[in-house]
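Peer 1:
There are 2 protein chains.
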Amino acid sequence: MNASSRTAKPFLTVLEGQSVNPPPIWLMRQAGRYLPEYKALRTQAANFLDFCFRPELAIEATLQPIRRFGLDAAILFSDILTIPWALGQKVEFLEGEGPVLEPLRSADDIARLRPDGAIERLAPVYRTVTGVAAALPKETALIGFAGAPWTVAAYMVEGHGSRDFLIAKGFGMAQPDLFDRILDIVTAATIEHLSAQIVAGAEAVQLFDSWAGVLAEREFRRWVVAPTKRIAAALRDKHPGVPLIGFPRGAGGLLADYAVETGVSCVGLDTQVPLAWAMKALPPRLPVQGNLDPVALVTGGQALSEGIRTILDQTRGRPAIFNLGHGVPMTTPPAHVAELVRLVRGG
Amino acid sequence: MNASSRTAKPFLTVLEGQSVNPPPIWLMRQAGRYLPEYKALRTQAANFLDFCFRPELAIEATLQPIRRFGLDAAILFSDILTIPWALGQKVEFLEGEGPVLEPLRSADDIARLRPDGAIERLAPVYRTVTGVAAALPKETALIGFAGAPWTVAAYMVEGHGSRDFLIAKGFGMAQPDLFDRILDIVTAATIEHLSAQIVAGAEAVQLFDSWAGVLAEREFRRWVVAPTKRIAAALRDKHPGVPLIGFPRGAGGLLADYAVETGVSCVGLDTQVPLAWAMKALPPRLPVQGNLDPVALVTGGQALSEGIRTILDQTRGRPAIFNLGHGVPMTTPPAHVAELVRLVRGG
């Protein structure tokens, strides 16, 4: 046990570069549809964006998994597509279909985005952050977040989720200047959005680059590494000491370059990252987070206990936060999450 | 220029471990719906499996891209799901929806598979191979193929395509013995299937592990590396000197372990593999193939020429086959393929 005595929040201690044993734990998408209390709460809003923008509902959704499982960090309940919405793009969430946006495909479409006032339109999100911060136990940290510019821009151009984002990638390759304009707008808005969350009470922020893995090296460097680096630098400048977790899902062999070149404080490891390789490839004191296969969580039993054991063994001695390599699946039995927390804490 | 004088087929020369300049070129999914002559041919069969099993049609589909573009290798026109079909599983290809299988979910489902006679049911495929071999120009090699056991078993259990194959992964984690039984059956059938293609005239074979990237390290080693190693050993034994190309799409940081541990003759590089990293991580004389982003091919122009240039520069001196990092997209203008071939050959 070499936890810091300076802070009572083990999650933040790890992000300061110290290893803590047992490691702090939270789970991506820990609030949501696998919890019956979330499903009940969700019926109070007409649609998903409305739910995200009603602080009394979003606060409650954020707190539900903390109450149930005593996790070490809460993450703001919101969505990465609040940014396109705030920029004036039409965004809808269709039940069972996922998000649908009126896609950007031309200079005119881009010119219609309204960066001015975008952050003001997101005021309910910051009220949620403040409300959660006031309600959390003193040992529990609060994480703010945003989608990383590539992932958000990919939805803005493609218009919906996709296995490979061929349209967005093709647009970016065929019209790099226009695509850079979108990335610039999203990057600037993201800096403001994360900064406002920090001001409102977020103690760390995470950038979700969920679709980093569909990019080849050249585009990864231009569309993932460069904007993330710009965000990391701006936040360091505005909010020194507030950690930024970067999660470039599917970065593969580019993970170490991402970690070093962006200047993030911690790197999220997706399910597919081989841990022994990552421990050698990443800077030795860089905090890491994640990697447990969500399918092991859904499965439970031996698959879960062995998965946990492997991660605890392989990250020993490095500042590490326990998490999944992707979000909690909808089909997860809540009892498996309780078991996960118990096992990680050595119960 | 250091091409072998022993063979007139540059594709095979590279697979023997010699670099050739300019590199031989073929494209994954080079036959198919982006070609108007394929679309015309396809109307002659009632459904996709019927098309695959009619040698006169499959031979013609295989030859179309060779005639149009003069590629260095032809690849048998067939599908990875002919194996489940031959094993007695119900497989259908629905227009616009992709494959639908009656999923395996229990020991009883698995017991109903009929490995005996499976290869006999695939006889039309081997007649296609023989027909293509007889028709190819003397400098053009013929590639046979199969899906790798994990990818095929994933479809067999999931029942359809998926972004993450949660059902198949969950089945494999919860019931590892049953899943191993499926993998064993598929692996044995795959060895026979590739062997029969070689006997019929295939000069090299490729294993497509299209969904290797959804697996965490532990499952990757058990479900991707181990069965591939078994196939490589069996083929080396039965057909010494016939090269096996392994394509573990999305292997990420596990690519080098895959290359070394499976014993494949050549490793396919997906779009996302960073080339400089791969050139260092892979054994120095191991032949490689692939990596060009298909989106660059669809886009054409500068994106295409720069993408090609990067790959030629970074693989210089290593035995390398030019290819995409994934299949030719349906939206590809055939003129871009002609331009690609011209640029790779220094025209």
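Chains as they are written, first to last, in this note's numbering: chain A, 1 to 347; chain B, 348 to 694. Just so you know, even glycine gets a beta-carbon here, dropped at the ideal spot from N, CA and C. Just so you know, these numbers come straight off a predicted model, no measurement behind them.
(1) Report the rounded CA-to-CA distance for A:VAL14 versus B:ALA408, giving the unit in angstroms.
(2) Is there a Cβ from chain A that is less than 7 Å from the Cβ of B:LEU513?
(3) Quick one: what does DSSP say A:GLN289 is sitting in, helix, strand or coil?
(4) For B:PHE555, write down the residues that DSSP places opposite it in a beta bridge.
(5) DSSP beta-bridge partners for A:THR160?
(6) Consult DSSP for A:ILE25 and reduce its assignment to one of helix, strand or coil.
(7) Name, please, each residue of chain B whose Cβ falls closer than 8 Å to the Cβ of A:PRO283.
(8) For B:VAL367 and B:THR679, I'd like the C-alpha separation in whole angstroms.
(9) So, for B:GLN619: in the same chain, excluding its five sequence neighbours on each side, which residues have a beta-carbon less than 8 Å away from its beta-carbon?
(10) Is any beta-carbon of chain A found at less than 7 Å from that of B:TRP570?
(11) Nearest by alpha-carbon distance to A:MET28: which of A:PHE51, A:ASP209 and A:GLU217 is it?
(12) Less than 7 Å between the C-beta atoms of A:GLU139 and A:ALA8, yes or no?
(13) For A:ASN291, does the count of other Cβ atoms within 10 angstroms reach 16, so buried, or fall short, so exposed?
(14) What would DSSP say about B:VAL438, mapped onto helix, strand or coil?
(15) Let's see if you can read the secondary structure: which residues bound the alpha helix (DSSP H) around B:VAL614?
(16) Just the C-alpha distance for A:GLU92 and A:LEU166, rounded to the nearest angstrom, thanks.
(17) Extract the residue ranges of the beta strand (DSSP E) inside the segment 513-597 of chain B, only unbroken runs of 3 or more that lie entirely within it.
(18) Does B:GLU686 get closer than 7 Å to chain A when you measure Cβ to Cβ?
(19) So, are the CB atoms of B:LEU591 and B:VAL611 less than 7 Å apart?
(20) So what's B:LEU659 in DSSP terms, helix, strand or just coil?
(21) Any beta-carbon of chain A closer than 7 Å to the one on B:VAL642?
(22) List the residues of chain B whose Cβ lies closer than 8 Å to the Cβ of A:VAL157, in chain order.
(23) Would you mind telling me which residues of chain A sit closer than 8 Å to B:THR646, beta carbon to beta carbon, in chain order?
(24) If you drop the 5 nearest sequence neighbours on each side, which residues of the same chain put their C-beta closer than 7 Å to that of A:HIS193?
(25) Span of the alpha helix (DSSP H) holding A:ILE110?
(26) Does A:ARG6 get closer than 7 Å to chain B when you measure Cβ to Cβ?
(27) Just to confirm, are A:PRO284 and A:PRO319 a CB contact at a threshold of 7 Å?
(28) Do you know offhand how far B:ARG528's Cα is from A:ASN47's?
(29) Hey, could you find the ends of the alpha helix (DSSP H) A:VAL118 is sitting in?
(30) Going by CA-CA distance only, name the one from B:PHE416, B:HIS507, B:ARG401 and B:ASP419 that's closest to B:VAL476.
(31) Compare the C-beta of A:THR271 with all C-beta atoms of chain B and state if any pair is closer than 7 Å.
(32) If we define contact as Cβ-Cβ less than 7 Å, is B:GLU564 a contact residue for chain A?
(33) Nearest to A:LEU312 by CA position, among A:GLY17, A:PRO22 and A:PRO10, is which residue?
(34) First and last residue of the alpha helix (DSSP H) that includes B:ILE430?
(35) Of all Cβ atoms in chain B, is any one closer than 7 Å to the Cβ of A:GLY147?
(36) Assuming contact is defined by CB atoms lying nearer than 7 Å, are A:MET173 and B:VAL691 in contact in what I supplied?
Peer 2: For this structure:
(1) Cα to Cα, A:VAL14 sits roughly 58 Å from B:ALA408.
(2) A Cβ of chain A is located within less than 7 Å of the beta carbon of B:LEU513.
(3) The three-state reading of DSSP puts A:GLN289 in strand, counting E and B together.
(4) B:PHE555 pairs with B:GLY494 and B:PHE594.
(5) According to the sequence shown, residue 160 of chain A is His rather than Thr. DSSP output for A:HIS160 lists A:VAL100 as bridge partner(s).
(6) Strand.
(7) Simply none; closest approach about 16 Å.
(8) Spanning the two alpha carbons is a distance of roughly 27 Å.
(9) Cβ neighbours of B:GLN619 beyond the five flanking positions: GLY597, GLY599 and GLY672.
(10) Not an interface residue.
(11) Restricting attention to A:PHE51, A:ASP209 and A:GLU217, the CA atom closest to the CA of A:MET28 is found in A:ASP209.
(12) Yes; because the gap between Cβ atoms is below 7 Å, this pair is in contact.
(13) Burial call: buried.
(14) Assigned with DSSP and collapsed to three states, B:VAL438 falls in strand.
(15) For B:VAL614, no alpha helix (DSSP H) encloses it; the enclosing beta strand (DSSP E) starts and ends at 613-616.
(16) A:GLU92 and A:LEU166: Cα-Cα distance of roughly 21 Å.
(17) Within the segment 513-597 of chain B, the complete beta strand (DSSP E) segments of 3 residues or longer fall at 551-556 and 591-595, listed in chain order.
(18) Between B:GLU686 and chain A, the shortest Cβ-Cβ separation is not below 7 Å.
(19) Contact flag set, yes.
(20) Looking at B:LEU659 - three-state DSSP - the assignment turns out to be helix.
(21) Any Cβ of chain A closer than 7 Å to the Cβ of B:VAL642 would place that residue at the interface, and such an atom is present.
(22) What A:VAL157 touches in chain B: nothing, since even the nearest Cβ is about 12 Å away.
(23) For B:THR646, the chain A residues whose Cβ falls inside 8 Å of its Cβ are GLY170, MET173 and ALA174, in order along the chain.
(24) These residues qualify, in order along the chain: ILE83, ILE119, LEU122 and ALA146.
(25) 107-111 is the span of the alpha helix (DSSP H), which, as asked, contains A:ILE110.
(26) Low confidence applies to A:ARG6: its pLDDT is 47, below 50, so where it sits in the model is not reliable enough to give any reading.
(27) For A:PRO284 and A:PRO319, no; Cβs fall outside 7 Å.
(28) Going by the C-alpha atoms only, they are around 45 Å apart.
(29) According to the sequence displayed, residue 118 of chain A carries Ala and not Val. Run containing A:ALA118: 118-121, per the alpha helix (DSSP H) assignment.
(30) Per the Cα distances, B:ARG401.
(31) With 7 Å as the cut-off, A:THR271 counts as an interface residue toward chain B.
(32) Interface residue, yes.
(33) With respect to the C-alpha of A:LEU312, the residue from A:GLY17, A:PRO22 and A:PRO10 having the closest C-alpha is A:PRO22.
(34) In the DSSP assignment, B:ILE430 falls within the unbroken alpha helix (DSSP H) covering 429-433.
(35) Interface with chain B (7 Å Cβ-Cβ cutoff): A:GLY147 is excluded.
(36) B:VAL691 is positioned such that its CB atom lies no closer than 7 Å to that of A:MET173.
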